[in-house]
Amino acid sequence: MNNNKYKFLAAVAFMFLLPFLILSRHFIIGNKELEKKDALAYMELRTRIVANIAADLLKLNYDVSKFSSAEGFINASMEVRKKKLESRIKENPSIYSEFSVLDVSGKEVLKTGSAVSKDLKDYSKSELFKTAVSERSLYGAVEYGEYTPPVLVLVAPLTNGRGDKAKGFLLARMSLAYIGEIVRVMGRNSPGNMGFVDAGGQLISDSLGHSIISPGIKAPDEVLRAVGAAITEGLDDFKNEVSLKGRPYLVSVANISGTRWWVFEVVDATRPLNYTAAFWAKRVIIIGILLILIFSFISYKLAQRWLVSGRSNLDAKQSGNLDA
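For the sequence shown, the residue numbers in my numbering are -19 to 304.
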């Protein structure tokens, strides 16, 4: 009798559990896809916000064209230029570290700032200076120090932008620690890593601190793929699931307006993207399994009461009629 009891319970539970588990599997897969979709949309919003903030800060604090195109600076004496540049450094010493005025050949004729030395440098052979000359516009690059935050080096022609020949060049060195603080603050709530990548694919700053541990390190391959796809398609922002070595990643990138820098956020898609939703989905399935097991036991009790006892009563009545 006991064996039949367990067989009955197992049979009923199996009949209901099989379709329930099949549907649950589809439910879990669908829930994960919704999580990915929602996560990518949220990541896209975050990277766009950070890119806009960074673009505004670059225009506000890192735009040296205010000097290089100002008539009062272009036509000023070296002494006046020096005072203006020193005043600029005093206004925000956490960003501005050094200014230099170069002649048309690329040689320093004036230097001011914290790293001032008596020796004047010659930038005529540097790619930074050559590009600024060939493009006749402001051009910059990021320098990475071993023990200091990345530095943005800009070279701008001293011209009013009306087609006049440049009367020299302004070189500026500016710390990017202030810009890097944005991703460290915004990245605190990221389930992955958020950061800035320069035109050469190097990490300027990131929320996990990889750029601090290894200055000048390349951005993750999944980020570089997303940036490459955005550039190829001519997009200012791009989001997608990227598979690398069989491991899926969610990546969102956004271009910082006026630069070739990109903001990125990357998340390992194998981990729960929404712990609340994942927990809720698992709880629903576990509750469903428990209910099936409970109702299997209830079904056994009802069958025992209605079918077995009913059969016994019927047999008893038939036996009484035969005796009569």
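Think of the CB as a built atom: it goes at the ideal place given N, C-alpha and C, for glycine as much as any other residue.
Query, Result
"Quick check: the Cα distance between Ser57 and Asn140, rounded to an integer number of angstroms?", "17 Å"
"Can we say the segment 144 to 164 touches the segment 36 to 47, given the rule of at least three CB pairs closer than 8 Å?", "yes"
"Given a cut-off of 7 Å, decide if Pro195 and Tyr124 are closer than it, judged by their beta-carbon atoms.", "yes"
"Report back the beta-carbon spacing between Ala249 and Glu221 to the nearest angstrom; my notes put them in contact at under 8 Å.", "6 Å"
"Across which residues does DSSP place Ser232 in a beta bridge pair?", "Lys219, Glu245"
"Is the beta carbon of Ala34 less than 7 Å from the beta carbon of Ile236?", "yes"
"Let's test the definition: count the other Cβ atoms within 10 Å of the Cβ of Ile193 and tell me whether it reaches 16, buried, or not, exposed.", "exposed"
"Among all the DSSP beta bridges, which residues are the ones paired with Leu132?", "Val122, Met154"
"Report the residue from Gly226, Ala146, Leu38, Leu273 whose alpha carbon sits nearest the alpha carbon of Tyr158.", "Leu38"
"Once the 5 residues before and after Arg168 are set aside, which same chain residues still bring their CB inside 8 Å of it?", "Ser187"
"Rounded to whole angstroms, what is the Cα-Cα separation between Ser117 and Leu14?", "46 Å"
"Would you mind stating whether Ser326 and Ile265 have Cβ atoms separated by less than 7 Å?", "Residue 326 lies beyond the range of the chain shown here (-19 to 304); nothing can be said about it."
"Just the C-alpha distance for Arg227 and Arg164, rounded to the nearest angstrom, thanks.", "26 Å"
"In whole angstroms, what is the alpha-carbon distance linking Ser80 and Ser106?", "15 Å"
"On the DSSP bridge assignment, give the partners of Gly175 in chain order.", "Asp186, Phe244"
"Taking Lys17 as the reference, give the member of Lys219, Lys225, Ala234, Thr239 with the closest Cα.", "Lys219"
"Return the chain-ordered list of same chain residues with a C-beta closer than 6 Å to the C-beta of Ala199, the five sequence neighbours on each side being excluded.", "Val177, Gly181, Leu183"
"Is Tyr127 helix, strand or coil when you go by DSSP?", "coil"
"In the DSSP assignment, the alpha helix (DSSP H) including Leu108 goes from what residue to what residue?", "107 to 115"
"With a threshold of 16 other CB atoms inside 10 Å of the CB of Arg26, please say whether the residue is buried or exposed.", "buried"
"Any idea what DSSP makes of Phe38, helix, strand or coil?", "Here residue 38 turns out to be Leu, not Phe, going by the sequence shown. Residue state, collapsed to three classes: helix."
"Counting along the chain, where does the beta strand (DSSP E) carrying Ser80 start and finish?", "76 to 82"
"Measure the Cβ-Cβ separation of Leu(-3) and Ile272 and say whether it is below 7 Å.", "yes"
"Compare the C-alpha of Leu134 against each of Phe(-12), Asp144, Glu245, Val122 and name the closest.", "Val122"
"Distance, Cα to Cα, Ser170 vs Gly52?", "46 Å"
"May I ask you to report which of helix, strand or coil DSSP gives Pro137?", "strand"
"Going by beta-carbon coordinates alone, are Leu224 and Glu202 separated by less than 7 Å?", "yes"
"Just how far apart, CA to CA, sit Ser77 and Glu161?", "18 Å"
"What residue from Phe109, His6, Ala(-7), Ala21 has the CA that sits closest to Val246's CA?", "Ala21"
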